[in-house]
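In my numbering, the protein residues as written are 58 to 531.
For glycine and all other residues, C-beta sits at the position ideal for the given N, C-alpha and C.
Keep in mind it's a predicted model, so treat the numbers as computed, not measured.
Okay, so here's the structure we're looking at.
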Ligand code: NAD
């Protein structure tokens with residue numbers, strides 16, 4: 058492939074090249090591979106909304122990549138640069154991600170071409186509600202067939218508007234609130250969903266460090282504490298991942314990159330203080346005890362232990378891949394490294410924890426939220442106090458048998474029953490651990506699989522093809 062061809066690869070072509078590499082490793086037949094790779098359906102909607110006495114036209118897409126499991130699941134992105142190819146690529150990533158992580162959903166993704174910063178809250182509400190009506194009427198949004206979630210430029214607020222619009226259209230649907238995930242708690246959301254993708258990134262890194270061979274291959278020393286991390290993106294995913302890794306694992310976040318530039322402190326940034334600074338000043342500039350540079354992308358090349366791209370696709374390309382100095386890349390964003398960049402990075406011995414595994418925390422907890430909505434009960438509500446009572450009795454028995462008294466502090470911790478967030482985080486941790494163990498097992502059992510990304514795709518494709526074989530294609 059020539060250099061110009063390499064540069065012209067679209068996002069979905071990049072994904073398909075990665076899929077092809079995995080297909081070669083598992084010897085899948087060409088026709089089955091073609092069936093798995095194809096995007097099942099896509100709609101483009103264009104609709105008018107009256108804004109400040111003028112009619113404005115908006116364009117959006119929703120792609121369904123696979124329906125081997127239903128509902129199809131995937132975020133909705135609001136950005137001024139989105140296009141159909143990107144939406145199709147992201148929908149495909151969702152299919153592979155859900156299959157890999159044993160989440161019983163097909164893959165979907167949506168986007169609206171809009172710059173949210175140009176509109177007021179009320180205007181965004183009108184636009185979102187109108188977009189939702191378009192998606193519902195065309196069969197691209199419902200609790201049983203297609204369930205959106207937040208992505209770049211959207212969050213709890215948009216999900217609440219979407220759920221409410223769906224409820225108004227179908228007041229008799231008792232499961233209406235399961236039509237989207239990532240909702241605010243008071244509107245059927247689940248505790249832990251907002252930080253789920255970032256927490257999933259943290260759990261993925263924790264699991265990686267539980268595999269000494271993998272740590273050695275990455276030329277890293279054991280343990281997350283003290284590891285230097287550069288993170289790109291400080292939105293939902295980037296903020297929570299960097300906060301949790303610094304507060305709970307003692308990692309050192311030495312650089313945070315946003316669209317406007319990068320802040321650097323080699324001794325580690327105070328992530329909560331940076332977050333407060335951005336809320337107060339609407340910029341990273343002027344953040345105390347750190348240097349600011351406008352060329353944020355250059356900071357991807359800083360020497361560090363771990364690089365976490367958590368912003369956008371195609372940030373590491375063949376233009377900068379050979380200058381990346383991190384030992385481990387954890388893809389919190391979708392598609393942050395292109396196919397060609399991936400080859401350069403691997404040749405340099407950099408280990409990549411791939412997107413379809415690393416950022417699966419969001420859809421995992423979305424799955425929990427969907428189940429919570431269908432079962433109409435908060436997780437833990439039935440068993441929490443019962444668990445506490447049993448633990449209290451056990452503590453009393455232990456005291457009686459040993460003749461010693463358990464301290465108040467330990468007693469409190471031991472008898473505490475699990476609340477919803479504890480259960481969500483436990484389910485997320487278990488899913489992320491299992492996911493990583495599948496990757497290493499695939500590499501151990503198939504000599505043609507030599508990297509984690511190929512392992513992830515190979516597992517996902519095998520699972521999807523098995524579903525096709527079980528039920529047949531008709
Ligand atoms: P977000 O809108 O909350 O934040 C995006 C961040 O990226 C912002 O801090 C923004 O400043 C930064 N950014 C944008 N353009 C940039 C550029 N050119 N250079 C540097 N920084 C830039 O989005 P998010 O929800 O955090 O999503 C980030 C990535 O994670 C996306 O690839 C998304 O698809 C993926 N993802 C998100 C979720 C989720 O639950 N939100 C789940 C899985 C994957």
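Per DSSP, reduced to three states, the secondary structure at residue 132 is strand.
Per DSSP, residue 283 is not a residue of any beta strand (DSSP E), being assigned neither H nor E. Residue burial annotation: residue 276 is exposed, with fewer than 16 other C-beta atoms found within 10 angstroms of its C-beta.
The beta carbon of residue 161 sits closer than 8 Å to those of 126, 155 and 424, all from its chain and outside the five residues before and after it, given in chain order.
Here the distance from the Cβ of residue 241 to the nearest heavy atom of the ligand NAD is not below 8 Å. Under the DSSP definition of a beta bridge, residue 115 partners with 104. Look at residue 452 here: in three-state DSSP terms it is helix. Residue environment analysis places residue 465 among the exposed positions, since fewer than 16 neighbouring C-beta atoms fall within 10 angstroms of its C-beta.
Taking one beta carbon from each stretch, the region 180 to 189 and the region 206 to 225 have 3 or more pairs nearer than 8 Å; the two touch. Distances from the CA of residue 120 to each of 129, 165, 153 and 203 were compared; the closest alpha carbon is that of 165. In terms of side-chain proximity, the C-beta atom of residue 217 is found no nearer than 8 Å to any non-hydrogen atom of the ligand NAD.
Residue 269 counts as exposed, since fewer than 16 other beta carbons sit within 10 angstroms of its beta carbon.
In the DSSP annotation of this structure, the continuous segment of the alpha helix (DSSP H) that includes residue 297 starts and ends at 293 to 306.
Using a cutoff of 8 Å, the CB of residue 377 does not count as near the ligand NAD, since none of the ligand's heavy atoms is closer than that.
For residue 407, the three-state secondary structure derived from DSSP is coil. Not a single heavy atom of the ligand NAD lies less than 8 Å from the C-beta of residue 336. Between the beta-carbon of residue 281 and that of residue 310 there is about 12 Å, and that puts the pair past the 8 Å contact cut.
A straight-line Cα-Cα distance of about 55 Å links residue 140 and residue 446. Residue 68: member of the alpha helix (DSSP H) spanning 68 to 83, first to last residue. Taking a 10 Å sphere around the C-beta of residue 86, we find fewer than 16 other C-beta atoms and assign the residue as exposed. DSSP, reduced to helix, strand and coil, places residue 382 outside both helices and strands of the structure shown, so it counts as coil. Counting of Cβ neighbours within 10 angstroms places residue 314 among the buried residues, the total reaching 16 or more.
For the ligand NAD, no non-hydrogen atom lies closer than 8 Å to the CB of residue 174. Relative to the ligand NAD, the beta carbon of residue 291 is positioned inside 8 Å of a heavy atom. Cβ-Cβ distances below 8 Å link residue 357 to 287, 289, 314, 364, 366, 372, 373, 377 and 381 in the same chain, with the five nearest sequence neighbours on each side left out; the list follows chain order. Here the alpha carbon of residue 168 sits roughly 38 Å from the alpha carbon of residue 283. Residue ranges of uninterrupted alpha helix (DSSP H) with 4 or more members are absent from the region 340 to 365; none lies entirely inside it. Counted as a single uninterrupted DSSP element, the alpha helix (DSSP H) harbouring residue 484 occupies residues 477 to 502. Taking 8 Å as the upper bound for CB-CB distance, residue 476 and residue 437 are in contact here, some 5 Å apart. Residue nearest to residue 235 within the set 322, 80 and 426 is 426 (criterion: CA-CA distance). Counting every other CB atom within 10 Å of its CB across the protein chains shown gives residue 451 a total below 16, marking it as exposed. DSSP places residue 137 outside any beta strand (DSSP E), giving it a letter other than H or E. Leaving aside the five residues that flank residue 173 on each side, the residues in its chain whose CB is nearer than 7 Å to its CB run, in chain order, 135, 181 and 210. Straight across, the Cα-Cα distance linking residue 291 with residue 442 is about 38 Å. The C-alpha of residue 369 lies about 35 Å from the C-alpha of residue 432. Under the three-pair Cβ rule at 8 Å, the region 510 to 530 counts as touching the region 74 to 81.
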